[in-house]
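Peer 1: There's a structure below that I have some questions on.
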Amino acid sequence: MQMTSNCTPPLSPMRCLSSKSRVEGGRQVGPASDRPHGDLCRLRSSSLEIKEKEIREKGSEILREQLDAAKKELKLKDKECERLSQVRNQLEQELEELTASLFEEAHKMVREANVKQAGAEKQLKEAQGKIDVLQAEVTALKILVLTSTPSSPNRQLHPQLQSSGTRGAHKCGGGHVRNKSISRAFQSSSGKPEPSSVSIQSAGKEEREMDSVLFAEFLLWKEQPSLDRSTAFLSRIYKEDIGPCLSFMRSELSQLVQRAVENNSLTIEPAAVSALPTVKAAALECGGPKKCALSGLSRTCRHRIKLGDKENYYYISPSSRARITAVCNFFTYIRYIQQGLVRHNGELLRYKGLSFCRILISRVTRFFPFLFQRSRCFGR
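First residue of the sequence shown? That's 1 in full-length UniProt numbering, and the numbers climb one at a time after it.
Shown next as structure tokens:
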């Protein structure tokens, strides 16, 4: 019982050693008393080692769990970073595509604007050309109105108003009559037909007597219309009609007039009475109200011409004006064809061209029949 009571409280190794030393000091040391104490100490030390080992294992497990949790968290963060990187790349790609589409749309809008601007400029030029043509027509109509009114009709434009003696003089003047239909229209006979029937017969006669060679040259010229004098059609017109029609006594001035007509820079205007005293002294060679600057003959000049941008005015007689106007009408007509303003079939162009050339011919043959021995223009 005493040993049981002594072994009940736990004893540390140091305490065992101290008790052992006390026993040894009291000379009571023996093999029976030392063995249990040693076993207890070994048990206690082994238990402590086991506990320490368990503590270490638990600590390592805790650390391992924390490490695994940290790795998992890092993996989650890596996945989040990868997802955010993909989102950023996708946004950058969408931004680039949007920028490219915006630039493409802007270029498309600029290109469409340029095309519309070019079309508008082209339409503006065409409209200006049409306006110029209409202004030229209005100017020509004004000239016709000024020179032919109901109270004072122009007998050169209306041959039916001439007296029978005058028409007979035209018929028997000794000159060559270029167009038989026109000469028959001017004849006076006892059985005088109506003016409408005369015009119908004249048109039919002209259609039958059409010059096929010159008309073929005209059709060939109409395919590529130009004002080049080297073409067969214009070369013949210049040689047989325009040259003789604009042949005046003053050859230098005649050439200037022809050049101005070709360049569409000739101005014909009525000679105002109030403007006559203001004529410059340098313009004495340009004729006067009583002298034609082209023919040099003493005639009453109701009109004057201006060549281009020059300041000088040249007074012209009615006969000279009629010849110049005929050539101007012809050039106006071929310019209409060149600009595409005349859109008719071949027969109508044929008749219209004949009408203009007939006006040109009748002007020249009426005033200067001796200039022609043989000439033709769409009709013989």
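The beta-carbon is built from N, C-alpha and C at its ideal position, and this holds for glycine as well.
Model, not experiment: these values are computed from the prediction.
#1: Whole alpha helix (DSSP H) runs in the segment 210 to 274 with 4 or more residues, listed along the chain?
#2: Going by other Cβ atoms of all chains shown within 10 Å of its Cβ, with 16 needed for buried, is R229 buried or exposed?
#3: If you follow the alpha helix (DSSP H) that R321 is part of, which residue opens it and which one closes it?
#4: May I have the straight-line CA-CA distance separating C234 from A106, to the nearest angstrom?
#5: Could you tell me which of K51, S212, E217 and R250 sits nearest to R236, measuring between CA atoms?
#6: Does the beta-carbon of F370 have 16 or more other beta-carbons within 10 angstroms, so that it is buried, or is it exposed?
#7: Taking the continuous beta strand (DSSP E) assigned at R304, which residues delimit it?
#8: Between the C-alpha atoms of V115 and E126, what's the straight-line distance to the nearest angstrom?
#9: Contact between the segment 298 to 306 and the segment 325 to 341: three or more CB pairs below 8 angstroms?
#10: Return the residue from the list G308, V261, L297 and S212 that minimises the CA-CA distance to S317.
#11: Are S295 and F248 closer than 8 angstroms when you measure CB to CB?
#12: Is it the case that the Cβ atoms of K291 and Y315 are separated by a distance below 8 angstroms?
#13: Buried or exposed: R321, going by 16 or more other Cβ atoms within 10 Å of its Cβ?
#14: Taking the alpha-carbon positions, what's the L76 to R88 distance?
#15: For L253, count neighbouring Cβ atoms within 10 angstroms of its own Cβ and tell me buried if that reaches 16, exposed if not.
#16: Could you give the uninterrupted runs of the alpha helix (DSSP H) lying entirely in the UniProt domain "GDP/GTP exchange factor Sec2 N-terminal" (57 to 142), keeping only those of 4 residues or more?
#17: What would DSSP say about K290, mapped onto helix, strand or coil?
#18: Report back the beta-carbon spacing between S226 and Q135 to the nearest angstrom; my notes put them in contact at under 8 angstroms.
#19: What residues in its chain sit with their C-beta under 6 angstroms from that of A232, if we drop five residues either side in the sequence?
#20: Under 8 angstroms, do L341 and V138 count as touching if we go by C-beta distance?
#21: What does the alpha-carbon distance come out to for the pair L144 and Y336?
#22: Just how far apart, CA to CA, sit F103 and I334?
Peer 2: Taking the coordinates as given:
#1: 212 to 223, 232 to 237 and 251 to 262
#2: By one-based count along the sequence shown, residue 229 stands at place 229. With fewer than 16 other Cβ atoms within 10 Å, it is exposed.
#3: As a working note, residue 321 is residue 321 in the sequence shown. Start and end: P318 to Q338.
#4: Numbered from 1 along the sequence shown, position 234 holds the residue referred to as residue 234. Numbered from 1 along the sequence shown, position 106 holds the residue referred to as residue 106. First, the residue type needs correcting, since residue 234 is Leu and not Cys in the sequence shown. Cα to Cα, the separation comes out at about 52 angstroms.
#5: Here residue 236 refers to the residue found at position 236 when the sequence shown is read from its first residue. Ranking the options by Cα distance to R236, first place goes to E217.
#6: Mapped onto the sequence shown, residue 370 falls at position 370. Annotation note: pLDDT 42 at F370 (below 50); position unreliable, coordinate value reported separately. Per the 10 Å Cβ criterion, exposed.
#7: Translated into positions along the sequence shown, residue 304 becomes position 304. Where R304 is concerned, the enclosing beta strand (DSSP E) stretches over H303 to L307.
#8: In the sequence shown, counting from the first residue as 1, residue 115 sits at position 115. In the sequence shown, counting from the first residue as 1, residue 126 sits at position 126. Distance between the alpha carbons of V115 and E126: 16 angstroms.
#9: no
#10: In the sequence shown, residue 317 corresponds to position 317, counting from 1. The residue with the shortest Cα to Cα distance from S317 is L297.
#11: Counting from one through the sequence shown, the residue named residue 295 turns up at place 295. Counting from one through the sequence shown, the residue named residue 248 turns up at place 248. Against a cut-off of 8 angstroms, the Cβ pair of F248 and S295 comes out as a contact.
#12: Counted from its first residue, the sequence shown places residue 291 at position 291. Counted from its first residue, the sequence shown places residue 315 at position 315. Yes.
#13: The sequence position of residue 321 within the sequence shown is 321, counting from 1. Buried: at least 16 other Cβ atoms inside 10 Å.
#14: Along the sequence shown, read from residue 1 onward, the residue named residue 76 stands at position 76. Along the sequence shown, read from residue 1 onward, the residue named residue 88 stands at position 88. Going by the C-alpha atoms only, they are around 18 angstroms apart.
#15: Position 253 of the sequence shown holds residue 253. That one is buried.
#16: none
#17: Locating residue 290 in the sequence shown gives position 290, counting from the first residue. Coil, per DSSP.
#18: Looking up residue 226 in the sequence shown gives position 226. Looking up residue 135 in the sequence shown gives position 135. So it is not a contact: roughly 23 angstroms between Cβ atoms.
#19: Taking the first residue of the sequence shown as 1, we reach residue 232 at position 232. Answer for A232: E217, listed in chain order.
#20: Mapped onto the sequence shown, residue 341 falls at position 341. Mapped onto the sequence shown, residue 138 falls at position 138. Cβ distance not < 8 angstroms, so L341 and V138 don't count as in contact.
#21: Locating residue 144 in the sequence shown gives position 144, counting from the first residue. Locating residue 336 in the sequence shown gives position 336, counting from the first residue. For L144 and Y336, the distance between alpha carbons rounds to 19 angstroms.
#22: For the purposes of this step, residue 103 is identified with residue 103 of the sequence shown, where counting begins at 1. For the purposes of this step, residue 334 is identified with residue 334 of the sequence shown, where counting begins at 1. Approximately 50 angstroms between the Cα atoms of the pair.
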